[in-house]
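Novice:
Number of protein chains: 4
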Amino acid sequence: MSAAPFAFSMRVYWEDTDAGGVVYYANYLKFYERARTEWLRARGIEQLALKEQIDLVFAIRSLSVEYLAPAKLDDALRVSVELIERKPVQFSLRQAVIHETSGATLSRADVHAVALKASTFKPRRIPTELLQRLYNA
Amino acid sequence: MSAAPFAFSMRVYWEDTDAGGVVYYANYLKFYERARTEWLRARGIEQLALKEQIDLVFAIRSLSVEYLAPAKLDDALRVSVELIERKPVQFSLRQAVIHETSGATLSRADVHAVALKASTFKPRRIPTELLQRLYNA
Amino acid sequence: MSAAPFAFSMRVYWEDTDAGGVVYYANYLKFYERARTEWLRARGIEQLALKEQIDLVFAIRSLSVEYLAPAKLDDALRVSVELIERKPVQFSLRQAVIHETSGATLSRADVHAVALKASTFKPRRIPTELLQRLYNA
Amino acid sequence: MSAAPFAFSMRVYWEDTDAGGVVYYANYLKFYERARTEWLRARGIEQLALKEQIDLVFAIRSLSVEYLAPAKLDDALRVSVELIERKPVQFSLRQAVIHETSGATLSRADVHAVALKASTFKPRRIPTELLQRLYNA
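Chains as they are written, first to last, in the working numbering: chain A, 4 to 140; chain B, 4 to 140; chain C, 4 to 140; chain D, 4 to 140.
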């Protein structure tokens with residue numbers, strides 16, 4: 004009984020591309036981050052509120068990315084998010100960028116996030132109520 | 004009998020903000036460009052196809068922007084597009100960025116676009132069929 | 004007896020270009036901002052220190068840009084900064100992007116900046132000592 | 004008898020930061036790419052010329068990045084490049100972002116690059132003359 008992973012839909016615009024005619028490699032990290040933001044929002048978590056109300060930000064500690072095929076201007080993409088590790092101060096996500104019309108996987112990433120105090124950038128525990136929203140959805 | 008201007012809805016993500024806590028001033032030009040791209044798409048015009056099939060790109064010749072109030076992380080925005088000048092090789096658009104929940108206008112821009120040959124960057128006439136899609140919607 | 008305007012030297016990288024094969028129009032605003040930052044630094048003004056020590060940020064209120072010819076990957080550019088209006092809470096700059104090898108002007112901009120409280124984004128006077136650094140260099 | 008790795012010096016500007024007050028995680032990939040571009044240029048390799056003259060681009064196939072400590076506005080950074088694997092169609096680089104004044108390593112990355120035909124994005128051998136510039140410097 005497994006649910007499909009969370010997916011965020013988006014378009015490629017001129018800003019995303021480079022002179023090679025395809026999406027610039029750093030911009031996939033923007034796409035992955037947009038999808039994580041919407042995955043959090045779908046769990047009722049707004050990051051600006053977290054920062055201002057409980058002094059918490061999620062930071063990326065490490066990641067690995069594969070680039071399998073290029074995305075191009077005007078492409079419709081679907082960016083997935085799947086939780087693969089749940090801990091009290093950190094979690095890991097598996098993500099992918101899928102080409103909407105062909106279904107091809109263009110990129111894959113494993114992303115390791117950690118909770119920090121927004122004011123000091125020191126690691127901190129994720130409050131229980133927040134952990135439940137994150138991990139039990 | 005006037006129609007509401009075209010509007011494109013979007014969110015502010017971390018990538019759009021800067022250390023001042025608000026959207027970085029150059030990134031409004033990305034938002035304006037996304038809205039123009041969707042305005043073209045709503046008229047049946049796909050820019051990658053234009054470039055590859057008839058060697059035409061639209062380039063921005065000049066623009067002016069006002070920044071009235073800052074957009075912030077997680078804000079829902081509406082970016083409008085209104086045609087204010089129609090000519091055979093160029094056109095002008097009036098655009099605005101509206102804060103979705105408050106209705107406040109955060110930024111306004113006038114943008115002057117011109118048709119170029121994609122391969123040489125020389126000005127060229129816009130083909131009649133394309134002019135009709137652009138100007139008569 | 005007039006001095007040459009301040010100039011900042013930089014290169015075009017892949018990140019700056021788009022699928023048209025040239026620098027994306029919003030990225031010129033990054034180039035203009037880098038040059039303003041170095042122009043401030045040359046006057047002994049570090050913006051992070053300003054923000055943290057006297058709660059002041061400079062924000063752009065409005066600007067106009069002309070795009071005259073495209074910059075390309077690997078181009079060496081020179082971005083100029085010239086003060087054209089000095090007031091107690093605001094100032095205006097004239098800027099240009101020059102192609103280093105040809106000397107061609109690729110873009111020109113007039114930029115209107117204002118001093119704000121970093122914490123509230125309300126306009127504020129520029130302290131006298133800072134005004135002197137800004138306007139008397 | 005080992006040489007110090009190639010290093011590229013740069014500054015952090017507003018465009019690089021986000022509302023967390025630090026450099027946005029995707030922008031380190033821009034810094035890494037700028038350093039690789041200058042590492043190539045130091046070997047006499049200009050990428051726009053490669054693309055136009057021999058239809059070759061270097062693309063990133065995969066990478067892993069660690070984020071150890073945040074870079075901030077106005078920081079002076081040094082980005083290193085070290086060749087760790089040399090093959091006929093691909094190579095791997097180890098890179099790091101160093102904080103200029105403290106000497107602290109802020110980020111580390113391993114980057115795997117491949118030579119492609121610019122027109123088709125198919126893998127291709129790197130011509131011998133180019134291999135020698137790349138690998139024997």
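Virtual Cβ for every residue (Gly too), placed ideally from N, Cα, C.
Since the model is a prediction, treat every value here as computed from it, not as a measurement.
One question on the structure: do V26/B and D19/B come within less than 7 angstroms of each other, judged by their Cβ atoms?
Specialist: Closer than 7 angstroms, so yes.
Novice: Closer than 7 angstroms by beta-carbon distance: list the chain B residues that pair up with G24/D, in chain order.
Specialist: A22, listed in chain order.
Novice: Anything in chain D within Cβ reach of I63/A, meaning under 7 angstroms, just list it in chain order.
Specialist: Going along chain D in sequence order, the residues near I63/A (Cβ under 7 angstroms) are Y28, Y70.
Novice: Any Cβ of chain C within less than 7 angstroms of the Cβ of L76/A?
Specialist: It does; some Cβ of chain C falls within 7 angstroms.
Novice: Is it true that the stretch 27–43 of chain D meets the stretch 35–49 of chain B, where meeting means three or more beta-carbon pairs spaced less than 8 angstroms apart?
Specialist: Touching, no, given that fewer than three Cβ pairs across the two stretches are closer than 8 angstroms.
Novice: Identify which residue in R14/B, Y16/B, L137/B, A22/B has its Cα closest to the Cα of E85/B.
Specialist: It is L137/B.
Novice: In this structure, what does DSSP give as the bridge partners for P126/B?
Specialist: Looking at the DSSP assignment, P126/B forms a beta bridge with L119/B.
Novice: What residues of chain C sit near E18/A, judged by a beta carbon separation below 8 angstroms?
Specialist: Correct list: D21, Y27, A29.
Novice: What residues in the stretch 37–65 of chain C bring their beta carbon closer than 7 angstroms to a beta carbon of chain D?
Specialist: Residues R37, T40, E49, Q50, L51.
Novice: Between the stretch 111–123 of chain C and chain D, which residues of the former have CB atoms less than 7 angstroms from a CB of the latter, in chain order?
Specialist: Residues passing the 7 angstroms Cβ filter: none.
Novice: Are the stretch 110–128 of chain D and the stretch 55–71 of chain D touching by the rule of at least three beta carbon pairs closer than 8 angstroms?
Specialist: The answer is yes - the stretch 55–71 of chain D touches the stretch 110–128 of chain D, with three or more Cβ pairs under 8 angstroms.
Novice: Label I87/A either buried or exposed according to how many other C-beta atoms from any shown protein chain fall within 10 Å of its C-beta, with 16 as the threshold for buried.
Specialist: It is exposed - the Cβ of I87/A has fewer than 16 other Cβ atoms within 10 Å.
Novice: Report the rounded CA-to-CA distance for E132/D versus A45/D, giving the unit in angstroms.
Specialist: Cα-Cα distance, rounded: 15 angstroms.
Novice: Nearest to F11/A by CA position, among R81/A, G23/A, S65/A, A52/A, is which residue?
Specialist: Comparing Cα positions, the closest option is R81/A.
Novice: So, with DSSP's three-state summary, where would you put R44/C?
Specialist: Note: R44/C maps to helix in three-state DSSP.
Novice: Using only alpha-carbon positions, find the residue among G47/D, E36/D, L71/D that is nearest to G106/D.
Specialist: The shortest C-alpha separation from G106/D is found at L71/D.
Novice: Under a three-way DSSP split, which group does T104/D fall into?
Specialist: T104/D falls in the coil class under three-state DSSP.
Novice: Are there 16 or more other CB atoms within 10 angstroms of the CB of E36/A, so buried, or fewer, so exposed?
Specialist: The residue is buried, with at least 16 neighbouring Cβ atoms inside 10 Å.
Novice: Can you give me the Cβ contacts of P8/B inside the same chain, cut-off strictly under 7 angstroms, excluding the 5 residues immediately before and after it?
Specialist: Only S83, V84, E85 meet the Cβ criterion.
Novice: If we define contact as Cβ-Cβ less than 7 angstroms, is L32/D a contact residue for chain A?
Specialist: L32/D counts as touching chain A.
Novice: Measure from the alpha carbon of K90/D to the alpha carbon of each residue in R14/D, P73/D, Q98/D, R128/D, then state which is nearest.
Specialist: Checking every option, the nearest Cα to that of K90/D belongs to R128/D.
Novice: Determine the direct distance from the alpha carbon of L134/A to that of A134/B, and round the result to whole angstroms.
Specialist: This sequence places Leu at residue 134/B; Ala is not what is there. For L134/B and L134/A, the distance between alpha carbons rounds to 55 angstroms.
Novice: Nearest to V92/B by CA position, among R64/B, A52/B, G23/B, is which residue?
Specialist: Checked all of R64/B, A52/B, G23/B; the closest Cα to V92/B is R64/B.
Novice: Whole angstroms are fine: how far does the CA of K125/C sit from the CA of Q50/D?
Specialist: For Q50/D and K125/C, the distance between alpha carbons rounds to 46 angstroms.
Novice: Which residues in the same chain have their Cβ closer than 7 angstroms to the Cβ of M13/C, if we skip the five residues on either side of it in sequence?
Specialist: Result list for M13/C: F34, R37, L80, V82, in chain order.
Novice: Can you tell me where the beta strand (DSSP E) holding L76/D begins and where it ends?
Specialist: Looking at the DSSP string, L76/D is not in any beta strand (DSSP E), and its letter there is neither H nor E.
Novice: Mind checking who I63/A pairs with in its DSSP beta bridge?
Specialist: Beta-bridge pairing links I63/A to A116/A.
Novice: Taking C-beta pairs closer than 9 angstroms, name the residues in chain D that P73/A reaches, listed in chain order.
Specialist: A62, F124, listed in chain order.
Novice: Just list the residues that DSSP pairs V26/B with in beta bridges.
Specialist: Answer is T20/B, bridged to V26/B.
Novice: Would you verify that the beta carbon of V67/A is, or is not, closer than 7 angstroms to some beta carbon of chain D?
Specialist: Looking at the sequence itself, residue 67/A is Ser, so the reference to Val does not match. It does; some Cβ of chain D falls within 7 angstroms.
Novice: Measure from the alpha carbon of S95/A to the alpha carbon of each residue in L76/A, S67/A, S110/A, then state which is nearest.
Specialist: Closest by alpha carbon: S67/A.
Novice: Taking A10/D as part of the alpha helix (DSSP H), name the residues at either end of that continuous run.
Specialist: Unbroken run through A10/D is the beta strand (DSSP E), 9–14; no alpha helix (DSSP H).
Novice: So, at 6 angstroms on beta carbons, what are the nonlocal neighbours of H115/C in its own chain, with the 5 sequence-adjacent residues on each side left out?
Specialist: If we look at H115/C and ignore the five residues flanking it on each side, its Cβ neighbours are R64, S65, S95.
Novice: What's the call for G47/D, buried or exposed, on a 16-neighbour Cβ count within 10 Å?
Specialist: The residue is exposed, with fewer than 16 neighbouring Cβ atoms inside 10 Å.
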